[in-house]
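Residue numbers (the working numbering): 34 to 675.
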Amino acid sequence: MVNTINHSIKENLPNPAQSIQLNKNCYQNRRLFIEPGQLNKIRKNKNDPFQKLMLDNLFSRIERRMSHATYNLDNQQSLVRGSYTGFNDLALGFLITKEEKYLKKSLKIISTILNNAHKTSDDPLNGGHLLYSLSIYYNWMNEHLSKSQKNKFIKIISDYGSSLYSKTKTPMGYWAGTPLHNISQCAWASIGLAGFSFYFDIPDAKYWLSDAYHNFNLVSWLQAEDGSMIEGPSYSAYGAEMRALFYRPCLQFLNQDLYRKNHLGIGDWFMHLHKPSGDADDHIFPWSDSSKGLQFHSPVGLILSMAGHHKSEHLQSIAHWVLSKGFTNNSGIEWMDILLYDPSVKLNLKKKFKTFAYFDDLENISTRNSWQEKATAIQFKCGPFQGKKAQELFLGDPGCSHLHPDTGSLQLHSRKHELLIDPAYSAIKRTDHHNTATINGYGQLGEGTKWFKVNHALHYEHTASISHVKDTKKWSTWTGELSGVYWTEAKLDFYVRTVVYLKPDILVVMDELKSAKKSKFKIHWTTPSGANKINNKKTIFQNDDVCMRMDYLPLDRIKTEVSVTQRLYKDIRNPMRYSHCCLSNLIKSKTFKAITVISLSDKINKNFSIQNNFPQIDINDGVNKYRIQFPSNEKASVQIKI
């Protein structure tokens with residue numbers, strides 16, 4: 034399917050015929066990202082705690098780079114994107130402090146890079162990082178480069194820029210026509226920054242800049258209104274990083290504002306993706322292909338840009354919250370944070386963030402009982418894979434190869450432990466890796482291959498939704514409708530999942546499925562905790578610090594069975610053994626209706642009890658008594674009494 038915009042929707046439609054030109058008088062003697070007088074303000078603003086945090090991050094990286102006695106790439110067979118970090122940190126360190134040691138070290142690194150840059154592949158990642166890193170250095174440090182070095186810069190950028198630009202115009206890469214894909218955004222940010230820095234040195238650079246602007250204008254326009262981003266957290270952070278790199282020069286030198294208000298929610302999106310606790314390698318709920326941390330790429334630059342541009346205390350406070358955790362201070366682009374920071378925007382260090390968020394574009398719900406490290410946090414996802422906005426406006430694949438068949442899935446974290454998990458980056462996309470259902474062995478559209486089968490999902494009109502969303506101080510509830518995301522061979526007519534979260538430690542999940550033929554229904558749960566199956570009605574998952582109890586309540590007189598196994602998840606990038614729990618009907622049937630009650634405690638709670646008088650469920654945890662009244666029809670919502 035050709036990727037085109039639905040032109041029946043004309044409101045604020047980006048104009049690809051818009052002329053984009055760089056004015057020499059506007060550009061000359063100015064530096065990318067650095068406003069006139071900004072460096073002096075940084076030097077004088079010593080009492081700003083947020084600036085100090087960012088400068089500490091920056092100079093921590095600088096000193097690590099300075100401690101390397103040598104930096105010689107002559108013996109390396111190839112250069113990768115990681116080879117292009119560090120020297121811009123050093124360059125900015127010199128510009129801020131005027132200390133010659135930083136200048137000398139950065140020039141030494143640049144010298145060996147210029148001699149070995151040809152060892153870099155011309156793909157969007159490695160070649161892209163070469164392009165944007167060298168382009169920024171050339172712009173910042175031009176007066177300190179020899180004529181010979183300048184000529185080398187121009188030759189390298191001309192070769193790599195032309196190669197990468199040509200790939201965006203041909204089917205040489207999947208990413209070329211997918212604007213919301215992180216690799217596409219890396220390619221265009223790199224080409225665009227090369228266009229800025231070499232606009233008056235390389236004849237083709239004006240085309241690079243113009244096309245990069247038009248691509249990012251489309252990206253900015255397609256951004257969901259609630260701030261959610263379609264790729265997994267770590268790849269979305271990469272995309273956010275690339276937007277931050279390109280948006281600011283567009284405002285500086287082209288007077289083009291790509292900071293649309295639909296980006297204001299991006300800060301909340303990344304904040305709510307954080308688990309209550311973790312470390313640099315594991316602090317993010319990893320929807321889709323994603324690492325469990327943001328240690329390699331950071332969204333903070335874009336959040337700071339939006340905070341400054343829209344004078345948002347809320348976003349300024351989120352950016353500080355993310356940075357102060359110390360998880361994203363090794364992304365290799367720390368220089369950008371301090372330059373995109375606007376100290377005139379207020380920072381509220383005591384700000385109380387909402388514990389519930391509903392991102393309706395992707396139909397993602399995030400809820401927790403607090404922002405404390407031992408809090409219980411839940412994530413739920415149940416929308417169209419590409420999000421509602423892209424589904425409506427983009428006829429084709431906007432960049433979804435890293436997605437998973439995970440509609441209706443839950444993730445649960447409590448007491449500093451993962452309890453219900455997404456196994457993260459997958460080598461093969463499989464529905465039964467997620468906390469959702471399969472029918473007759475069939476999973477959701479898009480599964481079965483290394484990359485999410487977007488055309489498969491598009492052809493069968495993958496769709497899902499959430500309704501009856503309600504959050505109170507003591508409980509949250511919502512209902513997901515996901516029958517439209519399964520293979521047609523599953524013959525699934527109806528699948529509704531209703532979730533009730535009784536804060537802080539009880540989760541009630543009701544699954545209702547109906548098929549056109551007698552079927553085997555399976556509800557899957559994956560946890561890293563050790564398991565002790567008591568019977569077909571109860572399982573205890575326990576480690577030293579937290580006990581997770583699962584009670585199973587069949588509701589339609591159909592016999593159920595529960596299997597609990599230690600399963601090797603061999604189709605994920607880093608194969609691991611996890612406990613896999615499967616609730617299913619013992620004999621094939623056309624309907625399946627069951628409730629799973631998940632309760633958390635520090636140790637086995639012997640006072641916990643459930644009384645099943647469906648549609649009324651009574652729960653007693655020894656402290657509180659809860660009564661849940663499930664609705665008798667689809668239009669009604671759950672009623673809860675405590």
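Cβ coordinates follow ideal geometry from the N, Cα and C atoms, glycine included.
Inset, instruction - Within its chain, find whatever has a CB closer than 6 Å to the CB of P282; leave out the 5 residues flanking it on each side and keep chain order. - result: L65 and F229
Inset, instruction - Measuring alpha carbon to alpha carbon, tell me which of H347, Q285 and L356 ends up nearest A313. - result: L356
Inset, instruction - Look at D301 and G260 and say whether their C-beta atoms are less than 7 Å apart. - result: yes
Legend entry - Nearest-angstrom Cα separation, counted from H347 out to M304: 12 Å
Legend entry - Buried or exposed by the 16-neighbour rule on C-beta atoms within 10 Å, applied to F83: buried
Legend entry - Any 3 or more C-beta pairs closer than 8 Å across the region 191-204 and the region 148-166: yes
Inset, instruction - Check whether the Cβ atoms of F485 and G479 sit closer than 7 Å, and answer yes or no. - result: yes
Legend entry - I22 vs M583 beta-carbon contact at 7 Å: Because the chain is modelled from 34 through 675, residue 22 falls outside the range shown and cannot be assessed.
Inset, instruction - Could you spell out the range, first to last residue, of the beta strand (DSSP E) harbouring L30? - result: With the chain covering only 34 through 675, there is no way to say anything about residue 30.
Legend entry - Three-state class that DSSP yields for P309 in the structure shown: strand
Inset, instruction - Report yes or no: do three or more beta-carbon pairs, one from the region 427-434 and one from the region 451-469, lie closer than 8 Å? - result: no
Inset, instruction - Return the CA-CA distance between P713 and A220, expressed in angstroms with no decimal places. - result: Residue 713 lies beyond the stretch modelled for the chain, which goes from 34 to 675, so this question has no answer here.
Inset, instruction - Please state whether DSSP places Y458 in a helix, a strand or coil. - result: coil
Legend entry - T512 - containing beta strand (DSSP E), residue span: W508 to E514
Legend entry - C-alpha gap between L136 and L284, whole angstroms: 28 Å
Legend entry - Cβ-based burial, S41 [other Cβ within 10 Å; buried from 16]: Annotation note: pLDDT 46 at S41 (below 50); position unreliable, coordinate value reported separately. S41 should be labelled exposed.
Inset, instruction - Compute the Euclidean distance between the alpha carbons of T37 and S243, then round it to the nearest angstrom. - result: Note that T37 scores 44 on pLDDT, short of 50, meaning its location in the model is unreliable; the coordinates nonetheless yield the value given after this. One C-alpha to the other measures close to 19 Å.
Inset, instruction - Apply the 10 Å Cβ neighbour rule to I411 and answer buried if 16 or more other Cβ atoms are within range, or exposed otherwise. - result: buried
Legend entry - Chain-order list of residues whose beta-carbon lies under 8 Å from that of S195 (same chain, five-residue window excluded): D237
Inset, instruction - Report the option in D394, S144 and G225 whose CA atom is closest to the CA atom of S181. - result: S144
Inset, instruction - Look at Q218 and G161 and say whether their C-beta atoms are less than 7 Å apart. - result: no
Legend entry - Run of the alpha helix (DSSP H) containing F249, from where it starts to where it stops: A238 to L255
Inset, instruction - Just tell me which of R98, H492, L291 and Y458 has its CA closest to the CA of D604. - result: Y458
Inset, instruction - Please say whether S267 and S324 have beta carbons closer to each other than 7 Å? - result: yes
Legend entry - Counted within 10 angstroms of its Cβ, other Cβ atoms place H495 as buried (16 or more) or exposed: buried
Inset, instruction - Rounded to whole angstroms, what's the CA-CA distance from K308 to I189? Just pull it up for me. - result: 42 Å
Inset, instruction - Assuming Y585 and T629 form a contact by the criterion Cβ under 8 Å, report the distance between their Cβ atoms to the nearest whole angstrom. - result: 6 Å
Inset, instruction - For M34, count neighbouring C-beta atoms within 10 Å of its own C-beta (all shown protein chains included) and say buried if the count is 16 or more, exposed if not. - result: Only weak support is given to the placement of M34: the predicted model assigns it a pLDDT of 35, under 50, and the question is left unresolved by the model.
Inset, instruction - Classify G160 as helix, strand or coil using the three-state DSSP reduction. - result: helix
Legend entry - Run of the alpha helix (DSSP H) containing P266, from where it starts to where it stops: P266 to P282
Legend entry - Buried versus exposed, by CB contacts within 10 Å (16 or more), I661: buried
Legend entry - Rounded Cβ spacing between Y292 and M339 (contact assumed at less than 8 Å): 6 Å
Legend entry - Which listed residue (G298, W354 and T409) has its alpha carbon closest to that of L395: G298
Legend entry - Buried or exposed by the 16-neighbour rule on C-beta atoms within 10 Å, applied to K43: Here the model assigns K43 a pLDDT of 48, short of 50, so the residue's position is not dependable, and the following value carries that caveat. The residue is exposed, with fewer than 16 neighbouring Cβ atoms inside 10 Å.
Inset, instruction - Sort out for me which residues DSSP pairs Q412 with in a bridge. - result: S399 and Q444
Inset, instruction - Alpha carbon to alpha carbon, how far is D455 from G225? Give it in angstroms, no decimals. - result: 36 Å
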